[in-house]
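Numbering (the working numbering), first residue to last: 69 to 760.
Ideal placement from N, C-alpha and C gives every residue a C-beta, glycine not left out.
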Amino acid sequence: MSGKAQTHKPVEKLTPLEAVAELERLAKEIAHHNKLYYQEDAPEISDAEYDALWHRNAAIEARFPELIRKDSPSHQVGARPSGRFTKIKHAVPMLSLGNAFADDDIHDFVDRIRRFLKLDAAAEIPFVVEPKIDGLSINLRYKSGVLIQAATRGDGTEGEDVTRNVRTIKEIPEKLHGKDAPDVIDVRGEIYMPKSAFLKLNERQAEKGEKVFANPRNAAAGSLRQLDPSITASRPLKFFAYGWGEASALPAKTHSGVLEAFGRWGFIVNPLIKVCKTEAEVLARYRYIEEKRASLDYDIDGVVYKVDRLDLQARLGFVARAPRWAIAHKFSAEKATTKLLDIDIQVGRTGVLTPVAKLQPVSVGGVMVSNATLHNEDEIERKDIRIGDTVIVQRAGDVIPQILGFVQEKRPRDAKPYKFPHVCPACGSHAVREEGEVARRCTGGLICPEQRVERLRHFVSRNAFDIEGLGEKHIVAFWTDKLIESPADIFRLSDHKAELEEREGWGKQSVANLLKAIEARRTIALDRFLYALGIRHVGEVTARDLAKAYGTFDALFHALKTEEGRQELQSISGIGPVVAQALEDFFGEKHNRDVVHDLLREVTVEPYVFKAKESEISGKTLVFTGNLDGMSRNEAKARAEALGAKVAGSVSAKTDLVIAGPGAGSKLKTAQALGVQVIDEDAWMAILERSA
Ligand code: IVH
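See below:
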């Protein structure tokens, strides 16, 4: 576990008081991770770490049953559904499974069953052994053999209606084959994404600049919970059936018999499922499946054992969140210890600095590992990982290996806390961290070699310089051959005309077309120009606000140089401290200023022209405060701007007019204190009427 988790006291040594505090901490932590996992599809910890929390909670509860909390995680399943889809109450709750980690736990499980059923040691209890698929469980309701509804597990009682999406999954039959399907049956199983398909999907997502998924489970969840079913349809989802909920009748008296019927009805039942007669056979099957794990095209995180006879299942029933007749035997996450040789900082395409652990190569579950992610600055600090430490590395499924913590006894005496760099290792620009963000980012956008291609691609994109015929492919090729290293080079490509015409795939005509497209963009509107620079937080709308407020690039650039100018910048409507800081960071870097000035030698930036009407408020600075009955704030702002006024976010000595509705507060007071003219909504409407 993490450096901190390692220091937790063994459960046997806890005093009752400590146990109370621990149970409270675990309940909170588990609830937090449930929310991330079930509602946000964004787990922060691995399944093994999550299981460890559960395990510790269960162990403490077993030792101090009188201290079990009302809100104990062991009474709950998952978290409540997130509310994007219609909710559906399950006819029979979708429960969870108890976990076992060691062979002894399995022995106890079988023993408990024997005692509960009053069976002697010699009595045979056949178990169905199934791989535990790491996907999402789903309830499929069939009426007269026809699929009528599909719901996610949700909190176990109530899930989300994903019927339209589920209908796009080919492995889920719309109609059950054969004639022996009961009138009503809820077939349950796991929707998953094959590992190979997951890797391909991520490649495509990355190419399109869209979100990449952390693992196949998240990809499956993200694909299923799409409000647009055509997106689900485009994702390669599959399904294994392994259980059921409400059923008006069942086709067999054993679990394995029902699964066989599922096969006949058109479902895919996992081929590794087997009935085992003894505990030894069960455990042998577990090892067999564990060995197969890496070669399977889907993630599994353990093996599930279920009592095969349905009459025995019925007698055994449930405890709290799980059946007494089944258990999940989890695989231990593959772990190893090795030395942390160094921490490398990688710079992503968007400038995010990511720490990567350089390890003495070590085999983790049969795979050599020499790099592992350390996530971010806070993570290193939280786990207190230092260079030279002996660290615990974990590899779970397809996820990039992670560092869980360090071994205290092996820490070298001189190991110092790691200092995360504040300059970009790729270009030397400052790397800054915004409030509330975990990432530290390089501010050298246009000069940073790691970000250049991305920035250039943005620079020429449709809403920026819009250079036709200069796609990402060309940018990468020209960049590699040093033809385009910074934006200004695009406008100097004509110096390399002969060379370009010689390039593979190019000819006189295509080069002429490209150069013509470039020439056509030598003059550009200020807002497009600002947007093209790719300054953080300066999107199209903000670029337009800036252009409107300053009119020329020079005016903006000079405003940034003085404290007063920077203050004023923040008071412009639409611009806040975050944008102001981003502009300061960007233009604060000499490299960036050089790139921009170089570019300005090549292109002409048109001042922003007000197409506003002449009116009594033209050129005036207005501030709206309080509520307006007749129109939204956005409309009021647009109307004012159309009449040539500026709208500011706060009142200063430069404000000409304040329009105050009911509920106006501090802005109104400031206006009164400064002697700024204040009018009400009626007077504002009158201005609009007079200008119509
Ligand atoms: S049986 C009441 N069988 O594991 C029994 N579950 O931790 C309910 N799972 O929510 C489940 N493979 O998402 C069962 N062969 C399998 C499974 C399986 C994966 C998942 C399922 C369930 C969770 C329980």
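Residue i (DSSP reduced to helix, strand or coil)
{"i": "residue 560", "result": "coil"}
{"i": "residue 590", "result": "coil"}
{"i": "residue 391", "result": "strand"}
{"i": "residue 699", "result": "coil"}
{"i": "residue 183", "result": "helix"}
{"i": "residue 364", "result": "coil"}
{"i": "residue 373", "result": "strand"}
{"i": "residue 581", "result": "helix"}
{"i": "residue 69", "result": "In this predicted model, residue 69 has a pLDDT of only 35, less than 50, meaning its place in the structure is not dependable enough to derive any value."}
{"i": "residue 105", "result": "helix"}
{"i": "residue 310", "result": "strand"}
{"i": "residue 261", "result": "coil"}
{"i": "residue 466", "result": "Its pLDDT being 46, under 50, residue 466 is placed unreliably by the model, and the measurement read from it follows with that caveat. Correct three-state label for residue 466: coil."}
{"i": "residue 548", "result": "helix"}
{"i": "residue 226", "result": "strand"}
{"i": "residue 76", "result": "coil"}
{"i": "residue 81", "result": "helix"}
Residue i CB to nearest heavy atom of the ligand IVH below 6 Å
{"i": "residue 391", "result": "yes"}
{"i": "residue 201", "result": "yes"}
{"i": "residue 163", "result": "yes"}
{"i": "residue 670", "result": "no"}
{"i": "residue 350", "result": "no"}
{"i": "residue 224", "result": "no"}
{"i": "residue 198", "result": "yes"}
{"i": "residue 205", "result": "yes"}
{"i": "residue 729", "result": "no"}
{"i": "residue 343", "result": "no"}
{"i": "residue 311", "result": "yes"}
{"i": "residue 372", "result": "yes"}
{"i": "residue 258", "result": "yes"}
Bounding residues of the alpha helix (DSSP H) (the contiguous stretch that carries residue i)
{"i": "residue 86", "result": "84 to 102"}
{"i": "residue 346", "result": "No alpha helix (DSSP H) holds residue 346; DSSP gives it neither H nor E."}
{"i": "residue 740", "result": "734 to 742"}
{"i": "residue 692", "result": "Here residue 692 belongs to no alpha helix (DSSP H); instead the beta strand (DSSP E) covers 689 to 693."}
{"i": "residue 110", "result": "No alpha helix (DSSP H) contains residue 110, which DSSP labels as neither H nor E."}
{"i": "residue 381", "result": "378 to 384"}
{"i": "residue 327", "result": "323 to 333"}
{"i": "residue 758", "result": "749 to 759"}
{"i": "residue 220", "result": "Counting along the chain, residue 220 falls outside any alpha helix (DSSP H), though it belongs to the beta strand (DSSP E) covering 214 to 220."}
{"i": "residue 521", "result": "517 to 528"}
Span of the beta strand (DSSP E), counted from its first residue to its last, around residue i
{"i": "residue 198", "result": "195 to 201"}
{"i": "residue 423", "result": "421 to 432"}
{"i": "residue 402", "result": "402 to 415"}
{"i": "residue 718", "result": "Here residue 718 belongs to no beta strand (DSSP E), and DSSP marks it neither H nor E."}
{"i": "residue 462", "result": "458 to 463"}
{"i": "residue 205", "result": "204 to 211"}
{"i": "residue 646", "result": "Taken as a continuous stretch (DSSP letters only), residue 646 belongs to no beta strand (DSSP E), being part of the alpha helix (DSSP H) at 645 to 656."}
Spatially closest choice to residue i from the options, by CA coordinates
{"i": "residue 410", "options": "425, 403, 396 and 400", "result": "425"}
{"i": "residue 408", "options": "418, 533 and 458", "result": "458"}
{"i": "residue 397", "options": "176, 88 and 514", "result": "176"}
{"i": "residue 163", "options": "206, 171 and 614", "result": "206"}
{"i": "residue 167", "options": "749, 131, 192 and 122", "result": "122"}
{"i": "residue 317", "options": "248, 184 and 474", "result": "248"}
{"i": "residue 315", "options": "328, 159 and 184", "result": "159"}
{"i": "residue 741", "options": "747, 720 and 669", "result": "720"}
{"i": "residue 671", "options": "490, 598 and 304", "result": "598"}
{"i": "residue 439", "options": "715, 348, 471 and 626", "result": "471"}
{"i": "residue 552", "options": "515, 585, 385 and 180", "result": "515"}
{"i": "residue 437", "options": "399, 443, 659 and 428", "result": "428"}
{"i": "residue 386", "options": "236, 328 and 180", "result": "180"}
{"i": "residue 703", "options": "747, 674, 686 and 752", "result": "752"}
{"i": "residue 495", "options": "349, 421, 615 and 501", "result": "421"}
Any non-hydrogen atom of the ligand GTP within 6 Å of residue i CB
{"i": "residue 486", "result": "You won't find the ligand GTP in this model; what it holds is the ligand IVH."}
Do the segment 690 to 702 and the segment 725 to 735 make contact, defined as three or more Cβ pairs closer than 8 Å? Yes, they touch.
Three or more C-beta pairs below 8 Å linking the segment 261 to 279 and the segment 330 to 342: These segments do not touch.
The segment 587 to 601 contacting the segment 637 to 644, beta-carbon criterion three pairs below 8 Å: Per the Cβ contact rule, the segment 587 to 601 is not in contact with the segment 637 to 644 (fewer than 3 Cβ pairs under 8 Å).
Counting Cβ pairs, one atom from each stretch, are 3 or more of them under 8 Å apart for the segment 535 to 552 and the segment 650 to 664? Taking 8 Å as the limit for Cβ pairs, the verdict is that the segment 650 to 664 does not touch the segment 535 to 552.
For the segment 563 to 579 against the segment 602 to 617, do three or more pairs of beta-carbon atoms, one drawn from each stretch, fall closer than 8 Å, so that the two count as touching? No, the segment 563 to 579 does not touch the segment 602 to 617.
For the segment 343 to 355 against the segment 365 to 380, are there 3 or more C-beta pairs whose distance is under 8 Å? The segment 343 to 355 makes contact with the segment 365 to 380; the number of CB pairs closer than 8 Å reaches 3 or more.
Pairs of beta-carbons, one from the segment 522 to 533 and one from the segment 546 to 566, closer than 8 Å: are there three or more? Verdict: yes, contact present.
Validate contact between the segment 373 to 388 and the segment 319 to 329 using beta carbons, cut 8 Å, 3 pairs: The segment 373 to 388 vs the segment 319 to 329: in contact.
When the Cβ atoms of the segment 293 to 309 are set against those of the segment 225 to 239, are three or more pairs found closer than 8 Å? Short answer: they touch.
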